[in-house]
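K.L.:
Numbering (this note's numbering), first residue to last: 189 to 474.
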């Protein structure tokens, strides 16, 4: 069995060289065909083979299968996403890619306990998650449990594959958003008069990521134009007002979301300082 996996991985490694060289929107279908052919070979082998021991079965569903299935999900999803990109304004396209990111974020949140288990390299529950006989009893799996083929999966192997695929998809979505940001910058016609009017003597002295946090909080709270303003426009306004280059605000927001402690460092500080000010003023009056 191990020899088969090694051979399959070697074959796939050679095929991946083609995928890496031709991995763009025009070649996603060809890449998907390559992945599907490899994945079918894997399924047919498992269908007609038995694992020698429980640990072999655990290793297959935890490490081997998700590696191939991840690529299958990735190329399939990229084809779907690219086929539905809306025609129209940059804002329409930007909203579309952000919605895709939100869907991935929701999936991570819904499966956070299992994802943390996998990422921590824990093994305590492996016999439940990656042995088919036990996973079927647990039924904490993908979609409609009655439709899962437990001869081919445990359900939790699919969670791993989706997590890995979503990580790659997330990177692709940020690349698309960056492209739109560059296009938006190219078509904007700078006005010297407007630029001079917007200049301020105020200088932002906190970090750029703190300003990005403030911008996203203001946009989320709909305090400007009754919420009818996008992040790009709001960021450009703050950049002009403070004469600062924030860089990739979408990447900045990604960093904010990935903070391990407080995701709202600036807002927490602002609230604390304001409460201190109120308390001191009230004490002075008394």
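Idealized CB from N, CA, C, for every residue including glycine.
In chain order, what residues of the same chain have a beta carbon less than 8 Å from the beta carbon of residue 455, not counting five sequence neighbours either side?
P.N.:
Indexing the chain shown from 1 puts residue 455 at position 267. Taken in chain order, the residues that qualify are 401, 402 and 405.
K.L.:
Span of the alpha helix (DSSP H) holding residue 248?
P.N.:
As a first step, residue 248 is located in the chain shown; it is residue number 60 there, counting from the start. No alpha helix (DSSP H) contains residue 248, which DSSP labels as neither H nor E.
K.L.:
Closer than 8 Å is the cut-off here; do at least three beta carbon pairs connect the stretch 282-296 with the stretch 249-260?
P.N.:
The stretch 282-296 vs the stretch 249-260: no contact.
K.L.:
Work out the CA separation of residue 469 and residue 432 for me, nearest whole Å.
P.N.:
Residue numbering aside, residue 432 sits at position 244 when the chain shown is read from its first letter. Residue numbering aside, residue 469 sits at position 281 when the chain shown is read from its first letter. Between residue 432 and residue 469, the C-alpha separation is close to 34 Å.
K.L.:
Go ahead and pull the three-state DSSP assignment for residue 316.
P.N.:
Here residue 316 corresponds to residue number 128 of the chain shown, with the count starting at 1. Helix, per DSSP.
K.L.:
Is it the case that the Cβ atoms of residue 438 and residue 365 are separated by a distance below 9 Å?
P.N.:
Numbered from 1 along the chain shown, position 250 holds the residue referred to as residue 438. Numbered from 1 along the chain shown, position 177 holds the residue referred to as residue 365. The answer is yes: Cβ separation under 9 Å.
K.L.:
Taking one C-beta from the stretch 255-270 and one from the stretch 300-314 each time, how about it: are there three or more such pairs within less than 8 Å?
P.N.:
Touching, no, given that fewer than three Cβ pairs across the two stretches are closer than 8 Å.
K.L.:
Tell me the rounded alpha-carbon separation between residue 383 and residue 300.
P.N.:
Locating residue 383 in the chain shown gives position 195, counting from the first residue. Locating residue 300 in the chain shown gives position 112, counting from the first residue. Because residue 383 sits at a pLDDT of 47, beneath the cut-off of 50, its placement in the model cannot be relied upon, and the point is left open.
K.L.:
Can you grab the Cα-Cα spacing for the pair residue 463 / residue 427, in whole Å?
P.N.:
On the chain shown, position 275 is the one that residue 463 refers to. On the chain shown, position 239 is the one that residue 427 refers to. Those two C-alpha atoms are separated by around 28 Å.
K.L.:
Can you list, in chain order, the residues of its chain with a C-beta nearer than 8 Å to that of residue 274? Leave out the 5 residues immediately preceding and following it.
P.N.:
Within the chain shown, residue 274 is the residue found at index 86, counting from 1. 280, 281 and 284, listed in sequence order.
K.L.:
With DSSP run on the structure shown, which of helix, strand or coil describes residue 189?
P.N.:
Start at 1 with the first residue of the chain shown, and residue 189 comes out as number 1. Coil at residue 189, not helix or strand.
K.L.:
Considering only C-alpha positions, which residue in the set 224, 195, 286 and 459 is nearest to residue 368?
P.N.:
Position 180 of the chain shown, counted from the start, is the residue given in the question as residue 368. Comparing Cα-Cα distances from residue 368 to each of 224, 195, 286 and 459, the minimum goes to 286.
K.L.:
Only counting the same chain, and skipping five residues up and downstream in sequence, which positions put a Cβ closer than 6 Å to that of residue 353?
P.N.:
Position 165 of the chain shown, counted from the first residue, corresponds to residue 353. So the list reads 258, 261 and 262, once near-sequence residues are dropped.
K.L.:
Over the uninterrupted alpha helix (DSSP H) stretch that includes residue 432, give me the two end residues.
P.N.:
For the purposes of this step, residue 432 is taken as the residue at position 244 of the chain shown. Residue 432 -> no alpha helix (DSSP H), and no H or E assigned at all.
K.L.:
Within 10 angstroms of the Cβ of residue 241, are there 16 or more other Cβ atoms? Answer buried if so, exposed if not.
P.N.:
Start at 1 with the first residue of the chain shown, and residue 241 comes out as number 53. It is exposed - the Cβ of residue 241 has fewer than 16 other Cβ atoms within 10 Å.
K.L.:
By the DSSP assignment, the alpha helix (DSSP H) with residue 288 in it spans what residues?
P.N.:
Indexing the chain shown from 1 puts residue 288 at position 100. That run of the alpha helix (DSSP H) goes 278-298.
K.L.:
Following the continuous alpha helix (DSSP H) through residue 399, name the residue where it begins and the one where it ends.
P.N.:
Numbered from 1 along the chain shown, position 211 holds the residue referred to as residue 399. Per DSSP, residue 399 belongs to the alpha helix (DSSP H) from 396-408.
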